[in-house]
Amino acid sequence: MNAAPSPVDPPAGPQGPRGPREVPPSISDAADRARAELHAEIERVRLGVEEVLSEQHSPDADLQREIADLREDTRLYVKKRLRKTEKKLTRSVAKVEGSVEQVSDSVDRLDERTQRLEARIDQVEADRAAAEYRIHSDTERMLDGLLEEVRDIADMLTRDEGGVGGVDTPSA
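If you want my numbering, it's the position in the sequence shown, counting the first as 1, plus 137.
So this is what it looks like as structure tokens:
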């Protein structure tokens, strides 16, 4: 069983399609576990080979040398594969972190734009309220002025009713 998460399968956990994702173990933790499992398996095989050789009671120098060479080749192969896997995992993590930063920047820009739009809406509302007040006040003043003029005309007409036909005639 491989302890490292599969890069192909989506991570299961609290933040997947149905909730927050589980934080994957760090790269070095996964590499350490893989390294430990591999060393345990190599040690088990080595012990098995040594047991078989000791049972045969025939210490063959060529066979011992070949086993040592195989051990060294295996160690180098494992080391190379681990380094390659760690680099690939590091690149993948960096790529995901870059994507997260881009999304975060986009969200920040949208938040700023939303704040600007809300401020603009508030300003337009304030301007509309001021314009309504101004229109109402101007209309009221205009109507008051017209009412005053109508009253003045009415006063003039009532004063002139004392004369004939509204026109003063000189007495002869």
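Glycine is no exception: its CB is placed at the ideal position from the N, C-alpha and C atoms.
Exposure of residue i, with buried meaning 16 or more beta-carbon neighbours within 10 Å
i: Leu247; result: exposed
i: Val301; result: Interpretation of Val301 is limited by its pLDDT of 48, a score under 50 that renders its predicted location unreliable; the figure taken from the coordinates is listed afterwards. It is exposed - the Cβ of Val301 has fewer than 16 other Cβ atoms within 10 Å.
i: Val160; result: Residue placement at Val160 is poorly supported in this model, since its pLDDT is 48, which falls under 50; the coordinates are not used for a value here.
i: Leu280; result: exposed
i: Leu226; result: buried
Three-state secondary structure assigned by DSSP to residue i
i: Glu285; result: helix
i: Ser163; result: coil
i: Asp206; result: helix
i: Asp197; result: coil
i: Glu298; result: coil
Neighbourhood of residue i by C-beta, 6 Å cutoff - its chain only, sequence neighbours within 5 removed
i: Leu294; result: none
7 Å CB neighbourhood of residue i in its chain, flanking five on each side removed
i: Val215; result: Leu175
i: Ile179; result: Thr211
Stretch-stretch touch, CB-based, cutoff 8 Å, three pairs: the stretch 248-259 with the stretch 207-222: no
Entirely enclosed beta strand (DSSP E) segments - the stretch 225-257, minimum 3 residues: none
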